[in-house]
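The opening residue of the sequence shown carries number 1 in my numbering; numbering runs sequentially from there. Every residue gets a Cβ at the ideal spot worked out from N, C-alpha and C, and that includes glycine. These numbers were taken from a predicted model, which means no experiment stands behind them. Structure first, commentary second.
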Amino acid sequence: MKKFFFRSILGILAAFLLWTIAAEVLEPAYESELESGFGDLVSGIEEAEGNLTGWLAMAPPRGERSLADGYVYLLGHLVRITNRELDNNPYNPHFERAITFLSKWTGDNPDNAYLIAPIDGEFDYLVTGQVPYYRERGATTLAEIPEAPGLVLFQTITELIGDTGSLEELVSCRNQTFADLNSHNLQVDPDGHFEILLSGEKPDGYSGNWMATRGNLACEDQEGQTTYADKVASNFVVREIFVDWETEHPLDLDIVRLGYEGLPPPVMDAAARAEQMRAIGEKLPNQINFWNWVMQIGLEAWGDRNFDGERRLPVNEVNEASPPFLAGGTAGSNQLYASGMFALEPNEALVLWVTVPKTPDYLGFQLSDSWMQSLDQANYVTSRNQSQMNFDADGSSYLVVAHEDPGVRNWIDTTGLATAQMTFRFWYREEPSPADFPKIRAEKVLFADLFGVIGDDSVPSFDSAARRLEIAARQKHMRLRFRQH
């Protein structure tokens with residue numbers, strides 16, 4: 001009886017072993033392909049996690065909050081890249097959010113909604129838009145419609161910044177802009193409707209809004225030599241910049257590939273799906289690595305890295321306003337930037353005086369964390385634009401960066417961070433001469449001495465009730481801007 005029992009057990013084990021071996025040998029090619037792609041994705045996630053702390057990946061200084069925010073940052077990239085790889089393609093594109101409230105990157109502007117649609121410059125596309133809640137008639141540009149975002153920028157670009165993981169792409173002309181339009185030169189119908197044709201060439205006799213998707217683009221290398229190369233666009237980018245958060249609304253936008261309406265995209269086989277998973281696993285760690293290097297080496301946020309005695313992001317001041325030097329050719333057009341880092345003790349504040357010889361069409365200021373994510377702009381006042389600031393009669397203003405509320409409207413809340421990045425943005429329809437660039441002066445002071453520095457006679461009081469109303473308005477706008485329904 002015992003022999004029979006043991007023989008039965010051995011038989012079952014042998015059969016199971018043979019079945020397992022056969023299953024491995026006879027596994028369909030598509031199954032092994034998908035497993036391989038998924039394995040590369042998992043490896044990419046693990047590599048990305050290592051980039052949050054690894055010194056070779058130029059990770060920022062460690063701290064409890066910084067690392068906790070870093071994991072959110074990683075997951076935000078994962079969601080964004082996954083959506084882009086699996087759920088969008090240039091054959092049947094649609095607009096998606098390049099940045100969400102929980103998926104921030106690139107030093108995003110808190111006033112912005114960033115939208116993106118993948119395109120292929122070999123095809124033609126039609127973008128249609130409508131300003132919601134617009135009841136008047138007679139507008140000829142978006143800038144004339146108060147319900148529209150205060151400023152909207154449209155671009156056709158070659159590639160998304162950061163996917164290679166290397167700063168080399170900033171000087172290789174990988175990321176370039178073909179064409180751009182904005183609220184002031186975009187033609188709209190009297191009812192707020194508009195169309196934009198995206199194509200390689202402008203049709204004969206076409207007089208509407210048009211943006212190029214192919215072209216021979218110039219590239220200037222580090223030695224000043226210029227070469228030219230034929231390129232095609234891969235993305236259509238929209239920046240909706242909200243100035244008055246209480247009256248402006250997101251645009252209704254759509255995009256279609258002309259001549260292919262009603263046709264489905266190609267069916268994805270196992271090999272194609274596996275490649276998508278590999279792309280996610282490659283781009284995720286690359287993005288984290290790239291922006292770590294931007295902060296550590298490109299911007300010198302954490303110290304003088306080229307040993308020239310200066311930091312590109314100075315501490316408790318900002319550099320001079322200038323066009324972007326680390327944008328890779330795809331930053332918002334016609335913008336000037338001024339940036340720095342604050343480092344404040346609990347009893348300190350930083351005052352920034354701003355003078356604009358030529359009034360910009362848009363002025364914005366923000367704080368960002370170690371990962372170049374804008375701080376929570378809904379529940380804290382971590383940013384301001386010109387509609388959210390008090391100005392003196394001569395057009396100058398000031399901002400107070402502090403850990404606690406000083407009772408002035410122009411306060412910027414650090415949310416408890418001892419150090420973070422500060423960024424000014426100035427947008428002009430026509431770029432001013434350098435003599436008319438904005439001027440910014442900074443001074444670190446004791447919080448107790450603040451009113452003596454900014455002049456208590458000129459400071460309107462802003463009590464806690466007013467602050468709650470201000471934040472409630474911000475929360476309402478952010479629910480609208482990032483609505484999921």
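Query                                                                                                                                                                 : Result
Spatial neighbours of residue 183 within its chain, please: C-beta separation below 6 Å, excluding the five flanking residues on both sides.                          : 142, 143, 151 and 152
On a Cα-Cα basis, can you pick out the residue from 100, 61, 64 and 68 that is closest to residue 79?                                                                 : 100
Could you tell me which of 305, 424, 282 and 348 sits nearest to residue 414, measuring between CA atoms?                                                             : 348
For the putative contact between residue 175 and residue 158, defined by C-beta atoms under 8 Å, what is the C-beta separation to the nearest angstrom?               : 6 Å
Pick from 378, 278 and 440: whose alpha carbon is nearest that of residue 354?                                                                                        : 440
How big is the Cα-Cα spacing for residue 164 and residue 283?                                                                                                         : 7 Å
Name the two residues that bound the continuous beta strand (DSSP E) containing residue 193.                                                                          : 193–199
If I measure Cβ to Cβ from residue 368 and keep anything under 6 Å in the same chain, skipping five residues before and after, which residues do I get?               : 107, 374 and 421
What whole-angstrom Cβ distance do residue 438 and residue 351 have, given they're in contact under 8 Å?                                                              : Not really, about 16 Å apart at Cβ, beyond 8 Å.
Candidates 88, 46, 111 and 40: which alpha carbon is nearest residue 480's?                                                                                           : 111
Using 8 Å for Cβ pairs, my map puts residue 233 next to residue 178. What's the rounded Cβ distance?                                                                  : 5 Å
Can you list, in chain order, the residues of its chain whose CB lies under 7 Å from that of residue 342, leaving out five sequence neighbours each side?             : 316, 350, 401, 419, 420 and 422
In chain order, what residues of the same chain lie with their CB nearer than 6 Å to the CB of residue 384, ignoring the 5 residues before and after it?              : 365
Please give me, in chain order, every unbroken run of the beta strand (DSSP E) with length at least 3 that falls completely inside the segment 252–337.               : 252–257
What did DSSP end up calling residue 444 once you bin it into helix, strand or coil?                                                                                  : strand
With H, G and I counted as helix, E and B as strand and the rest as coil, what does DSSP make of residue 231?                                                         : strand
Considering residue 368, what are the terminal residues of the beta strand (DSSP E) in which it resides?                                                              : 362–368
Quick check: residue 105 and residue 372, are their CB atoms within less than 8 Å of each other?                                                                      : yes
Would you kindly work out how many angstroms separate the C-alpha atoms of residue 196 and residue 253, rounded to a whole number?                                    : 11 Å
Counting along the chain, where does the beta strand (DSSP E) carrying residue 348 start and finish?                                                                  : 348–355
Indicate whether residue 381 and residue 462 have their beta-carbon atoms separated by less than 8 Å.                                                                 : no
Do residue 467 and residue 392 have their C-beta atoms closer together than 8 Å?                                                                                      : no
Which word fits residue 495, buried or exposed, when buried means at least 16 other C-beta atoms lie within 10 angstroms of its C-beta?                               : Residue 495 lies beyond the stretch modelled for the chain, which goes from 1 to 485, so this question has no answer here.
Beta-carbon separation of residue 160 and residue 216 under 8 Å?                                                                                                      : no
Please specify which runs of the beta strand (DSSP E), each continuous and at least 3 residues long, are wholly inside the segment 31–57, giving them in chain order. : none
Going by the beta-carbon positions, is the gap between residue 486 and residue 288 smaller than 8 Å?                                                                  : Residue 486 is absent from the model: the chain starts at 1 and stops at 485.
Report the three-state DSSP secondary structure of residue 340 (helix, strand or coil).                                                                               : strand
Grouping DSSP H, G and I as helix and E and B as strand, with all else coil, what is residue 222?                                                                     : coil
Give the C-beta separation of residue 292 and residue 61 to the nearest angstrom, bearing in mind that I take them to be a contact with Cβ-Cβ under 8 Å.              : So it is not a contact: roughly 11 Å between Cβ atoms.
Counting Cβ pairs closer than 8 Å, one from the segment 246–261 and one from the segment 124–133, do we hit at least three?                                           : yes
According to DSSP, is residue 470 part of a helix, a strand, or is it coil?                                                                                           : helix
Judging by CA-CA distance, which residue of 308, 476, 314 and 464 is the nearest neighbour of residue 295?                                                            : 314
Out of 363, 276, 464 and 322, point me to the one whose CA is closest to residue 38's CA.                                                                             : 276
Quick one: what's residue 155 bridged to in DSSP?                                                                                                                     : 180 and 237
Taking the alpha helix (DSSP H) that residue 452 belongs to, which residues open and close that run?                                                                  : 450–454
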